[in-house]
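In the working numbering, the protein residues as written are 1 to 151.
Here's what the structure looks like:
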């Protein structure tokens, strides 16, 4: 076989994740930039909430890019990227787009990364908290527990 099919998030799914993330950002009072990428790391949807930092737009996109491309949350690099760490300098890979700041989380269905979310404007802990709520929102649908939508 020379080709394969790979499941990926749709725009409807991306919008669901953004809605979940926006709701959490409002709860904690931190407006966010929220990026959703598909399984190939391409931007699928983006939301810049009123008051979100303009300097965080690309950070949110690159957090999602990193989470989808490396199939891991960006927070896993917290200790490894400091001088002497096993991943020191990794942020220079992929044209400087590889981010090691918390707030990027892959969206996984049946063990396969179908996309990712990246959030930025708050502290790394706030960004990750908001991203997790976005993932939770889409997982309810992917697991058949939420509003029915073709994702």
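Glycine included, each C-beta is placed from N, C-alpha and C at the ideal position. Keep in mind the model is a prediction, meaning the values are calculated, not measured.
- In the DSSP assignment, residue 18 is bridged to no other residue.
- Taking 8 Å as the cut-off, the Cβ atoms of residue 100 and residue 56 do not count as close.
- Secondary structure of residue 106 (DSSP, three-state): strand.
- Here residue 65 carries a helix assignment [DSSP, helix/strand/coil].
- For residue 35 and residue 127, the gap between their C-alpha atoms comes out near 12 Å.
- Taking the C-beta atoms as reference points, residue 68 is found nearer than 8 Å to residue 106.
- It is roughly 6 Å from the alpha-carbon of residue 131 to the alpha-carbon of residue 119.
- Residue pairing by DSSP puts residue 33 in a beta bridge opposite 48 and 120.
- A direct Cα-to-Cα measurement between residue 102 and residue 72 gives close to 11 Å.
- Shown here, residue 43 sits in a strand according to DSSP, grouped into three states.
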